[in-house]
Amino acid sequence: MDFRERVLTALEIKEPDRVPTHVIALDANNVDKVLGKPEINDFQLIEMVKQQYPDSYAEKLTEGLSALETEIFSRMAEAAWKLGFDAIQVGIIPYAFRNDREFIDPWGRIWEIRNNEGNAFPFYKQGLITSPEVWEEWNKPDAEKLAEEMYEFTSQIYKKHNDKIFLIGVDDFIGIFESTWQSMGIVEFSRQLMRNPSYIKERFEFQTNIICELIKASFDAGLEVWTESGDLGHKSGTFMRPEDMRKLLLPCYKRMTKTAHKLGGKCILHSDGNLMGILNLIVEAGFDGLHSLDPQAGMDLAKIKQQVGDKLCLLGNIDVSYTLSKGSREEVEAEVKKAIQIAGPGGGFIVSPTNIHPSVRPENLRWMIEATKKYGVYPLKLGG
Amino acid sequence: MVDQFDLIKKCILEFETEKIGDYVKKALRSGATPVEIIEKAIRPGAELAGEKFDKGEFYLPELVMAGEAIKQGISVLEPLLMKDEKGYKGTVITATVQGDLHDIGKDLVSVMLKGNGFKVIDLGVDVPPEKVVKAVKENDAKVVCLSILLTPAYEGLSATLKALKDSGLREKVKVVLGGAAVSPDTVKRYGADYYGHDANQAVEICNQIFTK
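As they're listed, the protein sequences go chains A and B. Per this note's numbering, the first sequence starts with residue 23, numbered consecutively. Per this note's numbering, the second sequence starts with residue 11, numbered consecutively.
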């Protein structure tokens, strides 16, 4: 099997030739370690543009951002392929420069740009949509324009990397839940959820319309799988009560997965945190796969496999807080072996880091992939 | 007076962020001291909110809103409490370590500690080690609660613990860790003292420390 068949077979909850490997993204530092540093880093570029256009550098930088993002994700796909991954996610993040240290996005979120050894690393800072009235007046993101950008972005990366690695479209940072609460901040979101849930419903639906257009655009460009990204949980449970999720989020998720399925594709949900209490809801939403399964957040792989393993492809479970950032080769191998032992039988499992951040080491990712190749070949011969 | 205390408690549990300040002012006018209001109204309200979160009756939005109500109530009392430090159970420094900008967990811990009668010096996010050291010295704090959501911020954690040690303060303060990147293993590995799974546990730990 090639990487495409391997991933799609696992998403069908069947046994491929071996357990596939996937990563949600690669940190730019790791990309540099694998491919070598680019001639000019993000911060040198910002400085150059600032010097050339002291009065309009933010606009000039924003004009070039789309090309820069395409290059960043293209390098990411190249590095993931070089590391030996079967699949990686790619997706646009429509930032605009507010100044040389901050982005603003169309949802009214401010991001601080941190210098990660020359690479720009955005950190969510605050949301500007402080009331329904502000949202009413807000110059809202345009679904059609974003879809055009997504198509352009995806087409370029797909043409360049489709023969090397399986590309999955993603709405990282702009998924339904995250983009909504972050645009208003956690306090305002909580207040509106309790006092004015119809506003939250309106916001979720608004974002769903956008995501459905992005799915269509990325599938038009050649992709076959989409990941809805957004952290629904914290360490002890979900942010929202499950009955609110059922009322407000489930219809949106259903619409999203139907859009992907109608086009012959698949849809994965990525979320950090403890989702043990909403596994059935995720199945009901129509998702084909669930990513993260963070053991640090109490996601019990054996219980998940038993409860929904015949309906959901399970992706993730390899710890990034220690194993993939500081762990030894033996520790990485042991964790991968254990995960395959639990979730590999019958197919429907994809080995993947639970998340990604600058401290995850490329050598640990290589060890993770090597261990998957060692223990993940079907029929599985894992023993004790 | 009992009615006033009940109304304040109710505001916390029913998220009446706009009304709680008035009830606190009324209780003060009726002769209650700030410490009484915290002990008999705000602390029980905060404790009940925490219990409801533990039992799954409250989710994060409810806890956030209960926290907002506590914040509003405390804001009326704080200037009065500042005049008489004896009203506090003790002083706790809270911070998200250098290299991390996440504030939800840290803010919840800060407000639940305040609601439980602690003086809280919230240093914010991305806090340099020297700022933690300075705050411990200036406030004679016994506890430092550090929040870490991202693993790369472990460097900030190491640096903060080292700075406390180098300044001779490490033996005098207990360091409590919390946040998505942290586990009981992290506490052992980095030489901190306690692991708080959530805001409630952080409050329990501080209560234990200050009653020892």
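Even for Gly, the Cβ is constructed at its ideal location relative to N, Cα and C.
Output, in chain order, the set of chain B residues within a Cβ distance shorter than 8 Å of residue i.
i	result
I46 of chain A	By Cβ distance, chain B contributes nothing, its closest Cβ being about 15 Å from I46 of chain A, past 8 Å.
V354 of chain A	Within chain B, no residue comes near V354 of chain A; the closest Cβ sits about 15 Å away, beyond 8 Å.
K147 of chain A	L111
Using the beta-carbon of each residue, which ones in chain B are nearer than 7 Å to residue i?
i	result
E134 of chain A	L111
L215 of chain A	P71
F175 of chain A	Residues of chain B passing the Cβ test: none, with the nearest at roughly 26 Å.
S347 of chain A	T161
Taking only beta-carbon positions, decide if residue i is within less than 9 Å of chain A.
i	result
G115 of chain B	yes
A190 of chain B	yes
T27 of chain B	yes
E214 of chain B	no
M122 of chain B	no
T196 of chain B	yes
V119 of chain B	no
M92 of chain B	no
V74 of chain B	yes
R66 of chain B	Reading off the sequence shown, one finds Gly at residue 66 of chain B, where the question assumed Arg. So yes, G66 of chain B belongs to the interface.
Compare the C-beta of residue i against all C-beta atoms of chain B and say whether one is closer than 9 Å.
i	result
S88 of chain A	no
G140 of chain A	no
K269 of chain A	no
F433 of chain A	Here chain A has residues from 23 to 406 only, and residue 433 of chain A is not among them.
F125 of chain A	no
S220 of chain A	no
G106 of chain A	no
D294 of chain A	yes
D122 of chain A	no
V382 of chain A	yes
D266 of chain A	yes
Quick one: which chain A residues come within Cβ less than 8 Å of residue i?
i	result
S193 of chain B	Q318 and S343
Would you decide whether residue i is buried or exposed? Buried here means 16 or more other CB atoms lie within 10 Å of its CB.
i	result
R225 of chain A	buried
L92 of chain B	With the sequence shown as reference, residue 92 of chain B is identified as Met, and Leu is not the correct amino acid for it. With fewer than 16 Cβ atoms within 10 Å of its Cβ, M92 of chain B is classed as exposed.
T435 of chain A	No information on residue 435 of chain A is available, as it lies outside the stretch 23 to 406 that chain A covers here.
N231 of chain A	exposed
H256 of chain A	buried
K36 of chain A	exposed
S240 of chain A	buried
D316 of chain A	buried
R28 of chain A	buried
I300 of chain A	buried
T221 of chain B	exposed
Could you list which residues in chain B have their beta carbon closer than 9 Å to that of residue i, in chain order?
i	result
H313 of chain A	The contacting residues do not exist; H313 of chain A stays about 16 Å from chain B at best.
M262 of chain A	Y69, L70 and P71
Quick check: is any heavy atom of the ligand SAM less than 8 Å from the C-beta of residue i?
i	result
A56 of chain B	Ligands are entirely absent from the displayed structure, and the ligand SAM is therefore not among its contents.
So residue i contacts chain A; which residues on that side make the cut at Cβ distance below 9 Å?
i	result
D208 of chain B	H256, K257 and S258
E78 of chain B	V209, S212 and R213
Using 8 Å as the threshold, is the stretch 39-55 of chain A in touch with the stretch 384-394 of chain A, meaning 3 or more CB pairs across them? The stretch 39-55 of chain A makes contact with the stretch 384-394 of chain A; the number of CB pairs closer than 8 Å reaches 3 or more.
Would you call the stretch 274-281 of chain A and the stretch 210-219 of chain A touching, i.e. three or more CB-CB distances under 8 Å? The stretch 210-219 of chain A and the stretch 274-281 of chain A do not touch, with fewer than three beta-carbon pairs separated by less than 8 Å.
State whether the stretch 17-27 of chain B contacts the stretch 44-55 of chain B, with contact taken as three or more CB pairs (one from each stretch) at a distance under 8 Å. Touching, yes, given that three or more Cβ pairs across the two stretches are closer than 8 Å.
Examine the Cβ distances between the stretch 183-193 of chain B and the stretch 206-217 of chain B and report whether three or more of them are shorter than 8 Å. As far as the Cβ criterion goes, the stretch 183-193 of chain B touches the stretch 206-217 of chain B, which means the pair count is three or higher.
Counting Cβ pairs closer than 8 Å, one from the stretch 66-84 of chain B and one from the stretch 132-146 of chain B, do we hit at least three? Pairwise C-beta distances place the stretch 66-84 of chain B out of contact with the stretch 132-146 of chain B, as fewer than three of them are shorter than 8 Å.
Where are the alpha helix (DSSP H) runs, 4 residues long or more, that stay fully inside the stretch 65-132 of chain A, in chain order? Taking 4 residues as the minimum length, the alpha helix (DSSP H) runs contained wholly in the stretch 65-132 of chain A are 79-85 and 87-105, in order along the chain.
Mind pulling the beta strand (DSSP E) runs of 3 or more residues that sit fully within the stretch 172-196 of chain B? The stretch 172-196 of chain B contains these whole beta strand (DSSP E) runs: 184-188.
Cβ contact (3+ pairs, closer than 8 Å) linking the stretch 297-307 of chain A and the stretch 342-350 of chain A: With a cut-off of 8 Å, the stretch 342-350 of chain A and the stretch 297-307 of chain A do not count as touching, because too few Cβ pairs lie within range.
Evaluate contact between the stretch 86-98 of chain A and the stretch 47-59 of chain A, counting only Cβ atoms and requiring at least three cross-stretch pairs below 8 Å. Yes, the stretch 86-98 of chain A touches the stretch 47-59 of chain A.
Would you mind listing the alpha helix (DSSP H) stretches within the stretch 79-137 of chain B that are 4+ residues and don't spill past its ends, in chain order? 114-125, all fully within the stretch 79-137 of chain B.
Could you say if the stretch 360-377 of chain A and the stretch 73-83 of chain A meet the contact criterion of at least three C-beta pairs nearer than 8 Å? In the pairwise beta carbon analysis, the stretch 360-377 of chain A is classified as not touching the stretch 73-83 of chain A: fewer than three pairs are separated by under 8 Å.
Considering only residues of the stretch 136-170 of chain A, which uninterrupted alpha helix (DSSP H) runs meet the minimum length of 4 residues and lie entirely inside it, listed in chain order? 154-159, all fully within the stretch 136-170 of chain A.
Taking the runs of the beta strand (DSSP E) that are 3 residues or longer, which of them lie wholly in the stretch 244-320 of chain A? As far as the stretch 244-320 of chain A is concerned, its whole beta strand (DSSP E) runs of at least 3 residues are 247-251, 288-292 and 311-314.
I want to know whether the stretch 167-187 of chain A touches the stretch 133-149 of chain A - three or more CB-CB distances under 8 Å. Short answer: they don't touch.
Does the stretch 287-301 of chain A touch the stretch 247-267 of chain A, meaning 3 or more C-beta pairs lie closer than 8 Å? The answer is yes - the stretch 287-301 of chain A touches the stretch 247-267 of chain A, with three or more Cβ pairs under 8 Å.
Assess, as a yes-or-no matter, whether the stretch 182-191 of chain A is touched by the stretch 103-115 of chain A under the definition of 3 or more beta carbon pairs within less than 8 Å. Contact annotation: the stretch 103-115 of chain A touches the stretch 182-191 of chain A, with at least three C-beta pairs closer than 8 Å.
Taking contact to mean 3 or more Cβ pairs, one atom from each stretch, closer than 8 Å, check whether the stretch 113-129 of chain B and the stretch 174-182 of chain B are in contact. Not touching, per the Cβ criterion.
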